[in-house]
Structures are given as C-alpha cells and as structure tokens.
Amino acid sequence: MKTDEELAEFITKNPLAWRIWMTGYASGLAQGHLDERATTDQLADLTARRIMTLQDGEEHIRKTTRNTIAMGEAIKARTNTTVGTYQGGPIPWD
Numbered sequence: 023m024k025t026d027e028e029l030a031e032f033i034t035k036n037p038l039a040w041r042i043w044m045t046g047y048a049s050g051l052a053q054g055h056l057d058e059r060a061t062t063d064q065l066a067d068l069t070a071r072r073i074m075t076l077q078d079g080e081e082h083i084r085k086t087t088r089n090t091i092a093m094g095e096a097i098k099a100r101t102n103t104t105v106g107t108y109q110g111g112p113i114p115w116d
C-alpha cells in the first residue's frame, strides 16, 4: 500500500494519471456546484411554501393561540377555585 506522498508523486509525474486525476476532480467540483444549486433552489422553494402557508393560515393561527391562552387561564382558574370562594370579577372561561 502506497502512502499519500507516494501517490501524489506518482500522479504529478505521470501525465496520464494527472489527466485522470484532474478529470475526476473537475467532475466532482462541477457536481458539487450542481448539488449546491439544487439544494439552494429546494430551500428557496420550501421557504416560499412555508411563508405562503403561514400567510394563508395567519388568522387561524392567531385564533388558536388566543384560544389556547384563554383555555390555559380557565384551567388555572378552575384548579384554584373551590365551592364558596368566588368573590366576583371576570371569569376567564365565560
């Protein structure tokens, strides 16, 4: 088994090995650029879809958030209330 230094020396001194090495390197570099471009395009598409979905469901999201907060307050009020302790004021679940 050859060491990295021996392989590097063989590749740099042999014109055919050098052309094969450089062809593989150029091919890998080009494929890397294509993969990066595809990934960027996919990311942009996914981001646009998520923004559109959030915009379409914005009112529903706000309503659900408000209801969740109100229900949490109602549950907390119920657990802290026993018969005969109510002394007036707003009741969150009404």
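So that you can map any letter, position 90 of the sequence shown is 112 in our numbering, and since no number is skipped, the others follow by simple counting. Idealized CB from N, CA, C, for every residue including glycine.
- By the criterion of a C-beta distance shorter than 8 Å, residue 83 is surrounded in its chain by 76, once the five residues flanking it on both sides are discounted.
- Rounded to whole angstroms, residue 44 and residue 53 show a C-alpha spacing of 14 Å.
- Rounded to whole angstroms, the separation of the alpha carbons of residue 88 and residue 59 is 41 Å.
- Within the stretch 23-74, the complete alpha helix (DSSP H) segments at least 4 residues long are 26-35, listed from N- to C-terminus.
- Cβ-Cβ distances below 7 Å link residue 46 to nothing in the same chain once the five nearest sequence neighbours on each side are left out.
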